[in-house]
Amino acid sequence: MRKLQKTGKDGESYMLTLPKAFVKKLGWKEHQKVVVELKGSHLVITDWVE
41 MRKLQKTGKD GESYMLTLPK AFVKKLGWKE HQKVVVELKG SHLVITDWVE
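In structure tokens, the structure reads:
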């Protein structure tokens, strides 16, 4: 089970915790830019591509 938490003063943003093993396997680092898309009832998180 992972956590979904409100962030910031206004509470209009949320933060989702991910398993450390997933992040390590993807090769992501702290402050990594990612793209979050809503596909039906699923969130899809992909690496940012410039």
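Numbering (this note's numbering), first residue to last: 41 to 90. Beta carbons: idealized from backbone N, C-alpha and C, even for Gly.
Could you tell me the distance, in whole angstroms, from the CA atom of residue i to the CA atom of residue j?
{"i": "residue 72", "j": "residue 57", "result": "14 Å"}
{"i": "residue 49", "j": "residue 55", "result": "13 Å"}
{"i": "residue 84", "j": "residue 51", "result": "22 Å"}
{"i": "residue 82", "j": "residue 42", "result": "15 Å"}
Helix, strand or coil: which one does DSSP assign to residue i?
{"i": "residue 89", "result": "coil"}
{"i": "residue 56", "result": "strand"}
{"i": "residue 49", "result": "coil"}
{"i": "residue 64", "result": "helix"}
{"i": "residue 82", "result": "strand"}
Flag this pair as yes or no: are the beta carbons of residue i and residue j separated by less than 8 Å?
{"i": "residue 74", "j": "residue 87", "result": "yes"}
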